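As structure tokens, the structure follows; a few thoughts come after it.
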Amino acid sequence: MRSTDDFLIFYHLIEQGSFSKAADIVGLTKSVVSKHITRLEKEMGVQLIFRTTRKLTLTEAGKVFFEHARTIYQSVQGAVDAMNGLGDSLSGSIRLTVPTVSGEMILAEAIADFSASYPDIHVHMDLDNSFVDLIDNNFDLAIRTGALQDSSYIARRLVQAQWVICASPAYLVKNGTPKHPQDLDKYNCLAYSHQESGANEWLFKGREADYSVKISGNFSTNNSAALRKAALFNLGLIYVPKVLVADDLQAGTLVEVLPKQVAKSLGIYAIYPYTKLQPLKVKLFIEHIYQFYQRQADNFS
């Protein structure tokens with residue numbers, strides 16, 4: 001059976017990209033790390049890396065070995081994090097990636113509330129609308145909307161988000177209020193391009209099944225805040241998550257239309273890698289934001 005050190009030294013070597021940097025991390029000399037890799041290759045009977053003066057390149061066998069080395073490193077690091085989290089003072093860092101709309105709204109307040117309770121935990125939130133690989137990018141978790149596609153992740157649903165169609169009172173006074181989805185071809189429908197069903201198709205409830213209606217308008221954006229502003233400036237109708245405009249609807253600065261016919265409703269999830277041992281601080285963080293989202297559930301549905 002291979003020593004855990006074999007995997008950890010190899011992991012740090014590839015992650016750092018040099019023998020000297022890896023040596024600094026594992027507390028050995030550069031020559032000892034080099035001899036360790038040479039011995040490892042000899043014992044396994046395969047070449048793991050191609051060495052040049054400027055970089056290290058994994059062989060096919062090296063790629064396989066590195067995947068196992070990374071899993072072992074994450075398990076070891078997760079165990080250390082979990083043990084550190086058993087003390088009275090939780091510390092360290094939590095890295096999460098979230099869509100822009102989530103980060104700019106509910107999550108910012110939830111994280112501030114969490115940090116007040118755990119001031120020694122540093123939370124780094126990366127706003128990114130693309131689906132990044134959590135393991136490759138060293139994230140502890142992500143906030144995602146919609147069905148989970150990758151079975152290598154575990155998901156916890158935070159809340160169910162209902163979508164709405166709305167416009168400013170001034171726009172509706174000038175153009176009238178649509179009574180049926182088929183009426184939308186007479187309106188300036190502003191497209192939110194950051195959604196999986198396409199920017200120009202709005203989903204509605206049918207008697208037997210949901211159906212889409214193609215819309216058109218003179219403005220589209222992948223930024224939800226800009227879309228909301230456009231509606232407030234009387235430009236047209238928008239189809240967005242209710243939470244984005246909940247305060248506007250309550251204040252009357254935006255008015256909901258076709259409320260019983262809109263079909264879109266998506267779960268918002270906290271996801272994390274299936275293979276990664278979850279530290280206590282991350283478990284506490286997920287539970288905290290779950291409770292926070294639940295307290296705000298009326299703004300989502």
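For the sequence shown, full-length UniProt numbering assigns the number 1 to the initial residue and increments by one for each residue that follows.
Glycine included, C-beta positions come from ideal geometry on N, C-alpha and C.
The model shown is predicted, which means the values in this text are computed figures rather than measured ones.
- No Cβ-Cβ contact shorter than 7 Å links L237 with F219.
- Counting the other Cβ atoms within 10 Å of the Cβ of V282 gives 16 or more, which makes it buried.
- Shown here for A246: same chain residues with a beta carbon closer than 7 Å to its own, the five before and five after excluded, namely N299 in chain order.
- The distance from the Cβ of I106 to that of V243 is about 7 Å, consistent with a contact at the 8 Å cut-off.
- The stretch 143-212 contains, as complete beta strand (DSSP E) runs of 3+ residues, the segments 153-167, 189-192 and 201-204 (chain order).
- Rounded to whole angstroms, S102 and V33 show a C-alpha spacing of 44 Å.
- Counting the other CB atoms within 10 Å of its CB gives V262 a total of 16 or more, which places it among the buried residues.
- Its chain contains Q261 and A263 as the residues whose beta carbon lies nearer than 6 Å to that of K205, once the 5 sequence neighbours on both sides are disregarded; these appear in chain order.
- Within the same chain, Cβ atoms closer than 7 Å to the Cβ of A170 are found at N234, the five residues on either side in sequence being excluded.
- In the three-state reduction of the DSSP assignment, I135 falls in the coil class, being assigned neither a helical nor a strand state.
- Linking P241 to T253 through their CA atoms gives a straight-line distance of about 16 Å.
- The beta carbon of L13 lies closer than 6 Å to those of A22 in the same chain, with the five residues before and after it left out.
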